[in-house]
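Mapped onto full-length UniProt numbering, the consecutive letters of the sequence shown carry residue numbers 1 to 146.
Glycine included, C-beta positions come from ideal geometry on N, C-alpha and C.
Every value quoted in this text rests on a predicted model; they were computed, and no experiment measured them.
Taking it in order: structure first as C-alpha cells, then the write-up.
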Amino acid sequence: MCTIAAIESDMGWYYLSCKVCSKKVLNVPNDNIDEQGDEDEMGFHYYCVKCKVKNPRLMPRYKLHLVVLDNTGNSKFLLFDAIAMQILNHLCNELTGSNFEEMQDPEDILLALKDLVGKNYLFKIGIERLALRERIFSTRMALTRS
C-alpha cells in the first residue's frame, strides 16, 4: 500500500491523442505558401503519425506524474489513461471539458486531481529485466484505495 504524496504538474496532466488510434498527436507548424511565394501567417495544426492524418479528431488522455510513498521510501509513477481512470473514476475529457486545447498552463491542476494527494492505493507494477537496469517500471493496475 502506498500514499500519493504529490502530483507533479510541470509536464502537464493530460495529452492530446488521435480519437481513432489513441496515439499522441503532434502539434506541427503549417507550411502554407501563397501564390506570390510568401509564407502565410505561421500557424500550427495537429498531425497523427500513425494514421497519417492532418487535424485528426482529438481526445484528451491522462498522463499523471505522481510521487508515491510507502514504508520503504518514495518513487515516481507515470499513470496513463486506463490506470488514471481507475483511480479518478472520470474520463479525461470529463475533466478537461470541450475546451481542452485552451488549457495552456500545466500547473492548472483540477480539484479532482488534487484530491488524490494523501489517498492510499495498492499499485500492481510490472518489472522486466531491462527495467531493473534502467529503473523504469510500468504500472499495470491500481487495485484498491483507502
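Tell me which same chain residues have a C-beta within less than 6 angstroms of the C-beta of residue i, skipping the five on either side of it?
i	result
Lys-50	Cys-21 and Lys-23
Lys-19	Arg-57 and Met-59
Report all residues from its chain with a CB closer than 7 angstroms to the CB of residue i; omit the five preceding and five following residues, and keep chain order.
i	result
residue 160	Within the shown structure, residues of the chain are numbered from 1 to 146, placing residue 160 beyond reach of any answer.
Leu-116	Ile-4, Ile-7 and Ile-87
Between which residues of its own chain and residue i is the CB-CB distance below 8 angstroms, once the five residues before and five after are set aside?
i	result
Val-28	Phe-44, His-45, Tyr-46 and Tyr-47
Leu-113	Ile-7, Trp-13, Leu-64, Leu-88 and Leu-95
His-90	Ala-112
Please report the distance separating the alpha-carbon of residue i from that of residue j.
i	j	result
Asp-38	Ala-84	Because the pLDDT of Asp-38 is 43, which lies under 50, any placement of that residue in the model is unreliable, and the number read from its coordinates should be weighed accordingly. Cα-Cα distance, rounded: 46 angstroms.
Lys-119	Ile-127	24 angstroms
Lys-76	Arg-57	31 angstroms
Asn-30	Ser-98	24 angstroms
Ser-17	Asp-81	11 angstroms
Lys-54	Ser-9	28 angstroms
Lys-52	Leu-26	11 angstroms
Glu-35	Leu-111	Because the pLDDT at Glu-35 is just 46, under 50, the model does not fix this residue reliably, and the point stays unresolved.
Pro-60	Asn-74	29 angstroms
Tyr-15	Thr-72	31 angstroms
Met-11	Leu-69	20 angstroms
For residue i, which residues does DSSP report across the bridge?
i	result
Asn-27	Tyr-46
Asp-70	Gly-73
Met-59	Ser-17
Thr-96	None; Thr-96 has no bridge partner.
Ala-6	Val-67
Gly-53	Sequence inspection shows Val at residue 53; the Gly mentioned does not correspond to that position. Paired residue(s): Cys-48.
Asn-120	Thr-3
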